[in-house]
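Residue 472 in our numbering sits at position 271 of the sequence shown; the count goes up by one each step and never skips. All residues carry an ideal CB built from backbone N, CA and C; glycine is no exception. What you are looking at is a predicted structure, and each value in this text was computed from that prediction instead of being measured. Below: the structure, in structure tokens.
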Amino acid sequence: MSELVPVLWICGPPGVGKSAVGCDLYTQLVGAGVHVGYVDLDQLGMCYPEPANDPGRHRMQAANLAAVVATYTAAGAACVVVSGLLDPHHDEPVSPLPRSAVTVCRLRADADVLRARFAGRGAQVELVEEVLREAAALDGSDVADVCVDTTGLPVDEVVRQVRTHLGEWPAPDARASRADLAPRRISHAPGPVLWVCGATGVGKSTVGWQLFEHARATGVPAAFVDLDQLGHLRVGGTGPAVHQVRADNLAAVWDTFHANGARCLVVNGPVDDPDAVRTYANALPAATLTVCRLHAGREELTRRIQARGQGGSWWQPGDPLRGQPDSVLRQVAADAARVATGLEQAEVGDHRIDTDGRTVDEVVQAVLASTGGRPATA
């Protein structure tokens, strides 16, 4: 395809609401029938320690973003919405995106609003002051095509103003699917990869993150990927083969992380059956993939899903459960219980960990005991 792909980059200082606005705009475009992908840039840079030659991991994130946009476009996306920080040290922060027509939309908020948001998060004073300095610098810049003041506005009103400023984005003649025949992405990066899977609400994200923190604590350069964040894409009614899209993106991201020093990777995300596992394994032929499936009963899944719907877990960009009514959450829990049963019957995974009645730390320790300390050990 020779046409440039419309990319809307929503930027601004930390705490201004980039992810919330990006997710809401993506949802609206999906509802309007637009073939669209969404990327939260923070999710493409979870690699530690930070490379000395890439403070803020901006080049790392840009390389991963270019790969994800290419995957989405090949799968049929007509446009892509991105939310994330711009590199404050470069005047052309979007130049690494090939074959893309980038529109930069900057969100801003008054200093007292940003200060209050970070105070509510318990942030250190030094961090708050750094954020305010960054916000002031952005206010004095002209890198954006569009600027929207979010002070005192709810997310839906911010999105309305963004769309008003943009006009018709993407243009009607750019909304058709751009599906292209592209080769599957294969990573040649070696190293242990631990994939934490299971039904919705079983605790994949929380346990996976703690396993990543454990690997970091051992001194092993480590990276973390949430597979859901590599598959925000809708083309047609339900979207393309989501596992293949995620696997292609995972291969690209792992290549970037490994090139920047990571020597192990923790992945969390859903899986349907052994065929789906093979899709990811085929994308990572040089890695040592270990799949650990978490299991919980229906009662425990219901409790966790209801808590997540009410905001009782980490804020996941694009989380479909947050804010849903109880009736919807109960149906999701019933579906999750059926999925858990199916995964049990298919015996998916190299290891099975029962999470009923266990704390997060107890589950993490059980995973480490089952895997021999992976991914920090290989």
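Nearest-angstrom Cα separation, counted from residue j out to residue i
i: L230; j: V356; result: 15 Å
i: L329; j: D473; result: Here residue 329 is Val; the residue named in the question, Leu, does not match the sequence. Each residue's Cα considered, the two are about 42 Å apart.
i: V198; j: W210; result: Missing from the structure shown is residue 198; the chain here goes from 202 to 579 and no further.
i: A531; j: T503; result: A quick correction: the sequence has Arg, not Ala, at residue 531. Using only the alpha carbons, I get a separation of about 6 Å.
i: G285; j: D340; result: 16 Å
i: A275; j: V326; result: 45 Å
i: S220; j: A263; result: 17 Å
i: P256; j: A424; result: 16 Å
i: D313; j: A336; result: 11 Å
i: A537; j: C465; result: 29 Å
i: Q244; j: N469; result: 12 Å
i: F413; j: F458; result: 14 Å
i: A547; j: G512; result: 32 Å
i: A302; j: L205; result: 6 Å
i: D374; j: A338; result: 36 Å
i: Q566; j: N254; result: 35 Å
Cβ-Cβ distance between residue i and residue j below 8 Å
i: V217; j: L308; result: yes
i: T365; j: A310; result: no
i: V360; j: D527; result: no
i: P250; j: P422; result: yes
i: S388; j: L485; result: yes
i: A317; j: A416; result: no
i: V568; j: I554; result: yes
i: V222; j: C280; result: no
i: G402; j: A534; result: yes
i: L451; j: Y481; result: yes
i: P475; j: V549; result: yes
i: V600; j: V344; result: The requested residue 600 does not occur in the structure, where the chain is confined to residues 202 to 579.
i: V332; j: C306; result: no
Element boundaries [alpha helix (DSSP H), containing residue i]
i: A582; result: Only positions 202 to 579 of the chain appear in this structure, which leaves residue 582 out of reach.
i: A400; result: A400 -> no alpha helix (DSSP H), and no H or E assigned at all.
i: S301; result: S301 -> not in any alpha helix (DSSP H); beta strand (DSSP E) instead, spanning 301-309.
i: L502; result: 499-510
i: P207; result: Counting along the chain, P207 falls outside any alpha helix (DSSP H), though it belongs to the beta strand (DSSP E) covering 206-212.
i: S406; result: 405-418
Start-to-end residues for the beta strand (DSSP E) that takes in residue i
i: D427; result: 423-427
i: P371; result: P371 -> no beta strand (DSSP E), and no H or E assigned at all.
i: T491; result: 488-496
Reference residue i; option with closest CA among the options
i: L428; options: T419, Q445, R417, H415; result: Q445
i: R385; options: L544, R447, A320, V303; result: R447
i: G498; options: A482, A477, E545; result: E545
i: D449; options: A463, A477, A460; result: A477
i: L315; options: D520, G213, T556, G234; result: G213
i: A278; options: P207, F458, G368; result: P207
i: A390; options: V564, G524, V347, T489; result: T489
i: V443; options: A453, V454, Q430, W455; result: Q430
i: R260; options: T228, L298, D374, A271; result: L298
i: T556; options: Y481, G404, G574, V240; result: G404
i: D551; options: G510, R575, G392, L242; result: R575
i: L367; options: L354, V564, V282, W455; result: V282
i: L287; options: R258, T272, R300; result: R258
Min CB distance residue i to chain C below 8 Å
i: A372; result: Among the chains in the structure shown there is no chain C, since it carries only a single protein chain.
At least three beta-carbon pairs within less than 8 Å, the stretch 393-406 to the stretch 487-504: yes
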